[in-house]
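Structure record follows, encoded as structure tokens.
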Amino acid sequence: MQGHLLGTLLLSVFIALLGIGIIVPVMPVFAASLGAGGLALGLIIAAFSITRGIFQPIVGNLSDRWGRKMFLVCGLLVYALVGLAMPEATSVINLIVIRAFHGVGSAMIVPVAMACVSDMAPVGQEGRYMGMLNIAIFTGIGSGPLLGGFFTDLWGMAAAFYAMAGLSCLALLLVVFQMPVMERKDRGIRRMGIIEALRSMLTRRRTGGILLARMATMIIMVPTMAFLPLLMHQWFQSSGMEIGLVIACRTLVNALLQTPFGRMADRRDKSGLLLIGCLIISAVMCLVPLANSFWFLLGLFILLGMGEAMIWPTLGAYATEEGRQYGQGTMMGVFSLAMSVGVFCGSLGAGFTMDLLGLHWSFFIIGILVLGLTMIAVGLIRGSSAFVVPVAD
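Residue numbers for the sequence shown follow our numbering, so the first one is 34 and each next one is one higher.
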């Protein structure tokens, strides 16, 4: 039963994220065609992050009480509707509203899927199980840009959005008809309300450090995903396929290395692995403005994927350990909220820096910021002590 559940869940996540990946190289170009500048593009991405951030902890907490499957179904339905609505947008305001709705759907998918996998992960194998989920996520997102560039070059930008809608419907059918209802293993945990859980997490050094590290490492997402197509188009006059190749290589390298680094996180010092990964991604961000060719940029993004492959299963394993105390849905909802806060800060910060100082400086400044925040986070994690949340009688 558990193997069937895990397989169905991972396949559904892969298909859904493949659809999201397809629109990655298309979205900023489509937004620019509607008149979006750097700050407007940042607002489009921020709208997604705001709604996702608001709903993630709420959905996660409710999934601990009501079950996971219904939220996955609703989220995939929202994804399909967004794919159909996006080509109909006629202004930047339209895109902001649609992306805000998109964020609500996202809040019901990734954190709930993370909670499902965390429920299944045996003690001592948290990194391995989160690595498997990350493989599904990154293989989907990594393969998508290549397909998105292909569809755009052949049939126009609308084709990429319709492909996202179709793939979301396919994942929806898989969840409805193939995914059994999952029995939770955390029934003995005292249920906290979301406000109480947030207060407890933020006042504990270890949990606070984990959330800070997750937020900091997500700040790079906007410049490396949304601004990358603009950078490559302006600097190298790259085609849709070339843009998709750079994004795909970064993400697929990340996916391929999830299993070895996930096992390493289970067996060795997690904080050391986290620190090395953070140093790599910060260095890459600072080196991007120095890229003088397509191949140099491709090499940097492959290195970026390696650094992220160290970070994702390590932080996922940390979050799974914490989730056994707070409830996996609640913990993953707040963990995902930290991701959204990072993306939000990165989107506005990168957009503002791009408009004020230029595209080059947005990468360099964010690289320095990520390095500083992750150093603080690792210090908090290393200086923490064990803590157990009270269990209900």
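Where a beta carbon is used, it is the ideal one built from N, C-alpha and C, also for glycine.
**C-alpha gap between Ile227 and Ile399, whole angstroms** = Counting from one through the sequence shown, the residue named residue 227 turns up at place 194. Counting from one through the sequence shown, the residue named residue 399 turns up at place 366. So the two alpha carbons sit approximately 31 Å from each other.
**Message:** Measuring straight from C-alpha to C-alpha, what distance separates Pro423 and Cys149?
**Reply:** Taking the sequence shown and counting its residues from 1, the one referred to as residue 423 is at position 390. Taking the sequence shown and counting its residues from 1, the one referred to as residue 149 is at position 116. Low local confidence applies: a pLDDT of 43 at Pro423 is under 50, so the model's placement there is unreliable, with the coordinate-based value given in what follows. Taking the straight line from one Cα to the other gives about 22 Å.
**Asked** Taking DSSP as the reference, what is the three-state secondary structure of Val424?
**Response** By 1-based counting over the sequence shown, the position of residue 424 is 391. Caution applies to Val424, whose pLDDT of 39 falls short of 50 and renders its modelled position unreliable; the value that the coordinates give is listed next. Strand, per DSSP.
**Asked** According to the neighbour-count rule (16 or more other Cβ atoms, all chains shown, within 10 Å of its Cβ), is Ser395 buried or exposed?
**Response** The sequence position of residue 395 within the sequence shown is 362, counting from 1. Buried, because 16 or more other Cβ atoms sit within 10 Å of the Cβ of Ser395.
**Message:** Rounded to the nearest angstrom, what separates Pro61 and Val130 at their Cα positions?
**Reply:** As a working note, residue 61 is residue 28 in the sequence shown. As a working note, residue 130 is residue 97 in the sequence shown. Whole-angstrom Cα-Cα distance: 15 Å.
**Prompt:** Less than 8 Å separating the beta-carbons of Gly175 and Gly54?
**Reply:** Residue mapping note: residue 175 aligns to position 142 of the sequence shown, counting from 1. Residue mapping note: residue 54 aligns to position 21 of the sequence shown, counting from 1. Cβ distance < 8 Å, so Gly175 and Gly54 count as in contact.
**Item:** Euclidean distance between Cα positions of Met365 and Gly160
**Value:** Within the sequence shown, residue 365 is the residue found at index 332, counting from 1. Within the sequence shown, residue 160 is the residue found at index 127, counting from 1. Roughly 15 Å separates the two Cα atoms.
**Prompt:** What did DSSP end up calling Ile442 once you bin it into helix, strand or coil?
**Reply:** Any question about residue 442 goes unanswered here, given that the chain covers just 34 to 426.
**Request:** Throw me the rounded Cβ distance for the Arg29 and Ser373 pair, which I believe falls under 8 Å.
**Result:** Residue 29 lies beyond the stretch modelled for the chain, which goes from 34 to 426, so this question has no answer here.
**Asked** Taking the alpha helix (DSSP H) that Leu67 falls in, what are its first and last residues?
**Response** Start at 1 with the first residue of the sequence shown, and residue 67 comes out as number 34. Note, Leu67: premise wrong, no alpha helix (DSSP H); not H, not E.
**Asked** By how many angstroms is the C-alpha of Val143 removed from the C-alpha of Thr240?
**Response** Working through the sequence shown from its first residue, we reach residue 240 at position 207. Working through the sequence shown from its first residue, we reach residue 143 at position 110. Thr240 and Val143: Cα-Cα distance of roughly 20 Å.
**Asked** To the nearest whole angstrom, what separates the beta carbons of Ala249 and Thr407, a pair I think is in contact under 8 Å?
**Response** Here residue 249 refers to the residue found at position 216 of the sequence shown. Here residue 407 refers to the residue found at position 374 of the sequence shown. The Cβ separation is near 5 Å, so the contact holds.
**Message:** I believe Ala113 touches Leu205 by the beta-carbon criterion, under 8 Å. Please report the beta-carbon distance rounded to the nearest angstrom.
**Reply:** Residue mapping note: residue 113 aligns to position 80 of the sequence shown, counting from 1. Residue mapping note: residue 205 aligns to position 172 of the sequence shown, counting from 1. In this structure Ala113 touches Leu205 by the C-beta definition: roughly 7 Å separates them, less than 8 Å.
**Prompt:** Starting from Asn325 and walking both ways along the alpha helix (DSSP H), at which residues does that stretch end?
**Reply:** Working through the sequence shown from its first residue, we reach residue 325 at position 292. Where Asn325 is concerned, there is no enclosing alpha helix (DSSP H), given that its DSSP letter is neither H nor E.
**Message:** Just verifying my parser: in three-state terms, what is the DSSP assignment at Ala118?
**Reply:** For the purposes of this step, residue 118 is taken as residue 85 along the sequence shown, with counting starting at 1. Of the three classes helix, strand and coil, the one that applies to Ala118 here is helix, per DSSP.
**Asked** Exposed or buried, Glu121, counting other C-beta atoms within 10 Å across all chains shown (16 or more means buried)?
**Response** Within the sequence shown, residue 121 is the residue found at index 88, counting from 1. Glu121 is classed as exposed because its beta carbon has fewer than 16 other beta carbons within 10 Å across all chains shown.
**Prompt:** Under the three-state reduction of DSSP, which class applies to Ile252: helix, strand or coil?
**Reply:** Here residue 252 refers to the residue found at position 219 of the sequence shown. Here Ile252 sits in coil by DSSP.
**Item:** C-alpha distance - Ser96 paired with Phe327, whole-angstrom precision
**Value:** In the sequence shown, counting from the first residue as 1, residue 96 sits at position 63. In the sequence shown, counting from the first residue as 1, residue 327 sits at position 294. Answer to the nearest angstrom: the Cα atoms are 44 Å apart.
**Request:** Report back the beta-carbon spacing between Phe134 and Val106 to the nearest angstrom; my notes put them in contact at under 8 Å.
**Result:** One-based indexing of the sequence shown puts residue 134 at position 101. One-based indexing of the sequence shown puts residue 106 at position 73. That belief does not hold up - the Cβ atoms of Phe134 and Val106 are roughly 16 Å apart, past 8 Å.
**Asked** Would you call the CB atoms of Ile23 and Pro58 closer than 8 Å?
**Response** Within the shown structure, residues of the chain are numbered from 34 to 426, placing residue 23 beyond reach of any answer.
**Item:** Residue from Met274, Met103, Leu72, Arg98 whose Cα sits closest to the Cα of Cys378
**Value:** Numbered from 1 along the sequence shown, position 345 holds the residue referred to as residue 378. Measuring from the Cα of Cys378, the nearest candidate turns out to be Leu72.
**Prompt:** CB Leu348 to CB Leu307, shorter than 8 Å?
**Reply:** The residue given as residue 348 occupies position 315 in the sequence shown. The residue given as residue 307 occupies position 274 in the sequence shown. Yes, they are a contact pair.
**Prompt:** Distance, Cα to Cα, Arg232 vs Gly93?
**Reply:** For the purposes of this step, residue 232 is identified with residue 199 of the sequence shown, where counting begins at 1. For the purposes of this step, residue 93 is identified with residue 60 of the sequence shown, where counting begins at 1. Distance between the alpha carbons of Arg232 and Gly93: 16 Å.
**Asked** Do Asp186 and Ser271 have their C-beta atoms closer together than 8 Å?
**Response** As a working note, residue 186 is residue 153 in the sequence shown. As a working note, residue 271 is residue 238 in the sequence shown. Cβ distance not < 8 Å, so Asp186 and Ser271 don't count as in contact.
**Request:** Note down, in chain order, each residue of its chain lying with its Cβ closer than 8 Å to the Cβ of Met212, except the 5 sequence neighbours on either side.
**Result:** Stepping through the sequence shown from its first residue, residue 212 is reached at position 179. If we look at Met212 and ignore the five residues flanking it on each side, its Cβ neighbours are Leu38, Thr41, Leu42, Ser45, Lys102, Leu105.
**Asked** Mapping DSSP to helix, strand and coil, what is Phe260?
**Response** Numbered from its first residue, the sequence shown carries residue 260 at position 227. Of the three classes helix, strand and coil, the one that applies to Phe260 here is coil, per DSSP.
**Message:** Residues in the same chain with beta-carbon distance under 6 Å from Glu310, minus the five sequence neighbours each way, listed in chain order, please.
**Reply:** For the purposes of this step, residue 310 is taken as the residue at position 277 of the sequence shown. Checking the sequence shown, residue 310 turns out to be Gly, not Glu. The answer, listed in chain order, is Gly340, Met343, Ile344.
**Request:** Report yes if the C-beta distance between Gly181 and Ile48 is below 8 Å; otherwise report no.
**Result:** In the sequence shown, counting from the first residue as 1, residue 181 sits at position 148. In the sequence shown, counting from the first residue as 1, residue 48 sits at position 15. No, the pair does not count as a contact, with Cβ atoms beyond the cut-off.
**Message:** Does Thr363 come out as helix, strand or coil in the three-state DSSP assignment?
**Reply:** Sequence index remark: in the sequence shown, residue 363 carries index 330 (1-based). Thr363: helix per DSSP, three-state reduction.
**Request:** Compute the Euclidean distance between the alpha carbons of Met251 and Arg237, then round it to the nearest angstrom.
**Result:** The residue you call residue 251 lines up with position 218 of the sequence shown. The residue you call residue 237 lines up with position 204 of the sequence shown. Answer to the nearest angstrom: the Cα atoms are 21 Å apart.
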